[in-house]
């Protein structure tokens, strides 16, 4: 029910509009809020709080959108690169790439360099172990005397030592 008219007075139990009298207990919450100063103050504070929260959320959303929109340009202009979801400087990116390449090359070159260093220092690979050439010859001669003449340094009576490409177990390279 909607009542139009001039508000004359409000007491503890009734509200008077023009010549009519209405019980406050019978009024809906919105109408009570409009007529009761305490309820009106509470409703006003609640409304203000809700609007502040809503405004704060809107500001945070807009700030996040703005940050995303300009972050790429700011970071790129400052010399940063986006790598796997993380901004890093160009210098750091290049250092990382150089380190990765060094590790790759170290893996590739480790075995040939190891062989070169051992050979230059008089070692040979015999039966899977590096040892001085004289010791390898001694072990080979001892094993040949036990196993027979076709094992060890020479292949089937050949007069040439085995080649480095034929690096099977129990072979010696570069024997003089």
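Residue numbers (the working numbering): 3 to 178.
In this text, a Cβ means the ideal position worked out from N, Cα and C, and glycines have one as well.
Keep in mind it's a predicted model, so treat the numbers as computed, not measured.
Buried or exposed by the 16-neighbour rule on C-beta atoms within 10 Å, applied to residue 71 = exposed
Closer than 8 Å, CB to CB, is residue 122 near chain D or not?
-> Given the protein chain composition of this structure (a single chain), no chain D is represented.
Less than 8 Å between the CB atoms is what I'm expecting for residue 19 and residue 29, so what's the real figure, rounded?
-> Not a contact, Cβ separation roughly 11 Å.
Taking the beta strand (DSSP E) that residue 88 falls in, what are its first and last residues?
-> 88-91
According to DSSP, is residue 23 helix, strand or coil?
-> strand
Spatial distance of residue 51 from residue 59 (CA atoms) = 12 Å
How many Å lie between residue 96 and residue 110 at the Cα?
-> 21 Å
Exposed unless 16 or more other CB atoms sit within 10 angstroms - verdict on residue 14 = exposed
Pick helix, strand or coil for residue 101, following the three-state DSSP scheme.
-> helix
Starting from the Cα of residue 79, find the closest Cα among 92, 85, 87 and give me that residue.
-> 92
From residue 103 to residue 112, what distance separates their C-alpha atoms?
-> 14 Å
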